[in-house]
Each structure stands twice: as C-alpha cells, then as structure tokens.
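Shown next, in structure tokens, is the structure this report addresses.
Numbering (this note's numbering), first residue to last: 29 to 100.
Structure (structure tokens):
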C-alpha cells in the first residue's frame, strides 16, 4: 500500500499515511487532530543492479570525421 506525506497547516507537523491509491487525495487529519492539511509531493528513488554504478556506455567509434580515421 502506498505511503503519502502530509503537512499540517495549523501546527506544521509532517506525517505519513498508508492508504490505497484510490484514497490518495482524500482529506487527512494530522496526529494532533487538525483538519487543515496538505499532501506533499514525494520523490521516489529506484535503484537496481543495471544502474548501480559506472558511466553510461559510449557509442562505438567509427565513421564520420570524429572517429573514422579520415581526418588524419
């Protein structure tokens, strides 16, 4: 179940709620009981073995003036 971050406009508290995506934009009540809250934009970091380390692969050289040996 996704987690959503909220901030209370009344007391400034930030908090998380786990709820179904269908309820993502439903109103939330802060832990102190205030109703004036706003959903925060969350960022997601996705990592895996394919993108773990190293630079992007370089294209093979050859052809044209930049790598074909035609310029001298």
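Quick reminder that beta carbons are idealized off the backbone N, C-alpha and C, glycines included.
- [ ] Can you tell me which of 45, 51 and 70 puts its alpha carbon nearest to the alpha carbon of residue 58?
- [x] Minimum Cα distance to residue 58 is reached at 45.
TODO: Using beta-carbon positions only, say whether residue 56 and residue 65 come within less than 8 Å of one another.
DONE: Against a cut-off of 8 Å, the Cβ pair of residue 65 and residue 56 comes out as a contact.
- [ ] Specify, as a first and last residue, the run of the beta strand (DSSP E) that residue 36 falls within.
- [x] Segment 31 to 36, the beta strand (DSSP E) holding residue 36.
Open item on the list: Given this structure, state the Cα-to-Cα distance separating residue 52 from residue 36, to the nearest angstrom.
Closed with: Near 16 Å, if we compare the C-alpha coordinates of residue 36 and residue 52.
Task: Close beta carbons around residue 15, own chain, < 8 Å, minus the five adjacent residues each side - done: The structure shown does not extend to residue 15, since the chain spans only 29 to 100, so no value can be given for it.
Open item on the list: Between residue 65 and chain D, is the shortest Cβ-Cβ distance under 8 Å, so that the two count as touching?
Closed with: Absent from the structure: chain D. Only one protein chain is present.
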